[in-house]
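There are 2 protein chains.
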Amino acid sequence: MPPYHHGDLRRAVLAAAVDAITEHGAAGVSLRDLARRVGVSHAGPVHHFKDKAGLLTALAAEGFALLADALISTREQTDSFVELGVTYVRFALRHRAHFEVMFRPDLHHIDDPNLADARDRAGAALAGGVEALGEQRTGDQRTAGVAAWSIVHGFATLWNTGNLDAGDDPEELARRVAAMLFGAD
Amino acid sequence: MPPYHHGDLRRAVLAAAVDAITEHGAAGVSLRDLARRVGVSHAGPVHHFKDKAGLLTALAAEGFALLADALISTREQTDSFVELGVTYVRFALRHRAHFEVMFRPDLHHIDDPNLADARDRAGAALAGGVEALGEQRTGDQRTAGVAAWSIVHGFATLWNTGNLDAGDDPEELARRVAAMLFGAD
DNA sequence: CCCTTGACTTGTCACCGACAAGATTGCGGG
DNA sequence: CCCGCAATCTTGTCGGTGACAAGTCAAGGG
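Protein sequence lines correspond, in order, to chains A and B.
Here the first sequence stands for residues 816 to 1000, numbered as in the working numbering.
Here the second sequence stands for residues 816 to 1000, numbered as in the working numbering.
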């Protein structure tokens, strides 16, 4: 039972945004185009997101939530930091549109609580995976966490911007790269 | 002797673009605003860059050239990979506007030869620094190069997007992070 | 049965990127 | 000296976009 005119405009617009960003990049997405895609007037989406920034904020929050779920799920299956890193990279490649928007605070409403929550949850999942390695392996915990996040985030970013594709399988390359940081565990 | 009406519109627009991006992010820069800033009609810059993408391509190429210079200069002073990484990070923080545009191929004319040249030059400087470590330290050279690039690029990106600022001095933190990859040399 | 509230539409404004056409300037050949 | 030419910049315009204001419409509680 669709609750109203469209049914679930909010979801539909978010899904259309993912498609549009995947096709034309985050820069080339317009509220009016999304409205057209879902068959609604040009100001329809505004009601749900208030802003273009509001829409991208919601999309980023959704992305962080998905990432957090993926990381937590991986940690339940293995203690390997390398596999946690591979999960991070896999998320970035599979959810390119979300990932592209997640780390662009200039496109967000910086004070959005949903976004902050989701981001913190993902951050905690990643940091916890590094702590599990134990102090003797990593030296300073905070530095180790930053190093871990940096290497997987850098790899994902560079791959997604086309700077790394020399015919490799990205996940396998990511696995070897992650293994260089904390050894192959 | 200014060669013409404005003198050097091309340079002036590039400089204005750096200011504008630093203030409002790469998304919020408009050719018309830049034209206004340098006191020229709204279509003036078009003649030098053809496109908005053309302008950003030129800016990215300039950025890669500056980065290559900085990396090469560092390699002349030390063999330390860690310091090379710190130079990469320092560049990203000090030339935020350039760096922000350099890794956004969706904003570029992908086939621009100047851009490709400058990028290759910077890439070679970074890769050379890793090779200098010697094979016994790094295992597979290509993987080591990707890992090195990933960790410094990820750190720089995360810092610039406000995900790392917990009161540290970024260069010192970057130094410790880089040292976790190939040891403190 | 109405009327409040939330969901969406219509209309409008200033701004932007791209393009076309014209004006201005400097320069070199005759 | 000056004429033409090319590079540089201006003016005018078009379709598209984000934001806002005001109106329309459906559902559900009183």
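The beta-carbon is built from N, C-alpha and C at its ideal position, and this holds for glycine as well.
Predicted, not measured: the structure shown is a model, and the values here were computed from it.
Using the Cβ count rule (16 or more neighbours within 10 Å means buried), how would you classify proline 860 of chain B? By the neighbour-count criterion, in which a residue is buried when 16 or more other Cβ atoms sit within 10 angstroms of its Cβ, proline 860 of chain B is buried.
Using only the alpha-carbon positions, how far apart do serine 895 of chain A and glycine 944 of chain A sit? Their backbone Cα atoms lie some 8 angstroms apart in a straight line.
Would you verify that the beta carbon of arginine 825 of chain B is, or is not, closer than 8 angstroms to some beta carbon of chain A? Not one chain A Cβ lies under 8 angstroms of arginine 825 of chain B.
Minimum length 4: unbroken alpha helix (DSSP H) runs contained in the region 868-912 of chain A: Note on the region 868-912 of chain A: whole alpha helix (DSSP H) runs with a minimum of 4 residues are 896-909, in chain order.
Cutting at 6 angstroms between CB atoms, please list the residues of its own chain near glycine 900 of chain B, excluding the five before and the five after it. Same-chain partners within the cutoff: Val967, Ala993.
When we look at the beta-carbon of histidine 923 of chain B and count the other beta-carbons within 10 Å, is it buried (16 or more) or exposed? With 16 or more other Cβ atoms within 10 Å, it is buried.
If you follow the alpha helix (DSSP H) that leucine 941 of chain A is part of, which residue opens it and which one closes it? According to the DSSP assignment, leucine 941 of chain A belongs to the alpha helix (DSSP H) that extends over 928-946.
Grab me the residues of leucine 948 of chain A's own chain with a C-beta within less than 7 angstroms of its C-beta, minus the 5 sequence neighbours each way, in chain order. Within the same chain, Cβ atoms closer than 7 angstroms to the Cβ of leucine 948 of chain A are found at Phe896, Phe997, the five residues on either side in sequence being excluded.
Rounded straight-line distance, which links the Cα of tryptophan 974 of chain B to that of glycine 982 of chain B: Approximately 11 angstroms, taken between the alpha carbons.
DSSP three-state label for phenylalanine 918 of chain B, please. Residue state for phenylalanine 918 of chain B is assigned as coil, using DSSP reduced to three classes.
In whole angstroms, what is the alpha-carbon distance linking histidine 862 of chain B and glutamine 892 of chain A? Histidine 862 of chain B and glutamine 892 of chain A: Cα-Cα distance of roughly 58 angstroms.
I think alanine 963 of chain B touches valine 904 of chain B, with their Cβ atoms under 8 angstroms apart; what is that distance to the nearest whole Å? Not confirmed; about 12 angstroms, so no contact.
Residue span of the alpha helix (DSSP H) that contains leucine 973 of chain A, given as start and end: Unbroken alpha helix (DSSP H) run through leucine 973 of chain A: 956-975.
Local Cβ density within 10 Å of glycine 1046 of chain B, reported as buried at 16 or more and exposed below that: Limits of chain B in this structure are 816 at one end and 1000 at the other, which puts residue 1046 of chain B out of reach.
If contact is defined by three or more beta carbon pairs under 8 angstroms, each pair taking one atom from either stretch, is the region 930-937 of chain B in contact with the region 877-887 of chain B? The answer is yes - the region 930-937 of chain B touches the region 877-887 of chain B, with three or more Cβ pairs under 8 angstroms.
In whole angstroms, what separates the C-alpha of proline 817 of chain B from that of arginine 826 of chain B? Low per-residue confidence applies at proline 817 of chain B: pLDDT is 39, beneath 50, and the placement is therefore not dependable, though the value from the model is reported in the following sentence. Here the alpha carbon of proline 817 of chain B sits roughly 12 angstroms from the alpha carbon of arginine 826 of chain B.
For histidine 839 of chain A, is the classification buried or exposed, using 16 other Cβ atoms within 10 angstroms of its Cβ as the cut-off for buried? With fewer than 16 Cβ atoms within 10 Å of its Cβ, histidine 839 of chain A is classed as exposed.
Kindly indicate which residue of B:Leu941, B:Leu829, B:Asp984 has the alpha-carbon position closest to the one of alanine 873 of chain B. Checked all of B:Leu941, B:Leu829, B:Asp984; the closest Cα to alanine 873 of chain B is B:Leu829.
Examine chain B for any beta-carbon lying closer than 8 angstroms to the beta-carbon of isoleucine 966 of chain A, and answer yes or no. It does; some Cβ of chain B falls within 8 angstroms.
Chain-ordered neighbours of leucine 988 of chain A on chain B, where CB pairs are closer than 8 angstroms: Among the residues of chain B, those whose CB is under 8 angstroms from the CB of leucine 988 of chain A are Thr958, Val961, following chain order.
Express the C-alpha separation of alanine 931 of chain A and alanine 940 of chain A in angstroms, rounding to a whole number. Distance between the alpha carbons of alanine 940 of chain A and alanine 931 of chain A is about 14 angstroms.
For valine 844 of chain B, the nearest candidate out of A:Glu898, A:Asp921, A:Gly969, A:Ala850 (CA to CA): Closest option to valine 844 of chain B, judged by alpha-carbon separation, among A:Glu898, A:Asp921, A:Gly969, A:Ala850: A:Asp921.
Nearest candidate by alpha-carbon position, reference arginine 867 of chain A, set A:Gly954, A:Asp848, A:Arg890: This sequence places lysine at residue 867 of chain A; arginine is not what is there. Between lysine 867 of chain A and the set A:Gly954, A:Asp848, A:Arg890, the nearest pair of CA atoms involves A:Asp848.
Checking contacts by CB at 8 angstroms: is leucine 979 of chain B closer than that to chain A? The beta carbon of leucine 979 of chain B sits closer than 8 angstroms to some beta carbon of chain A.
Measuring alpha carbon to alpha carbon, tell me which residue in A:Phe864, A:Met995, A:Pro928 is nearest serine 965 of chain B. Here the closest residue by C-alpha is A:Met995.
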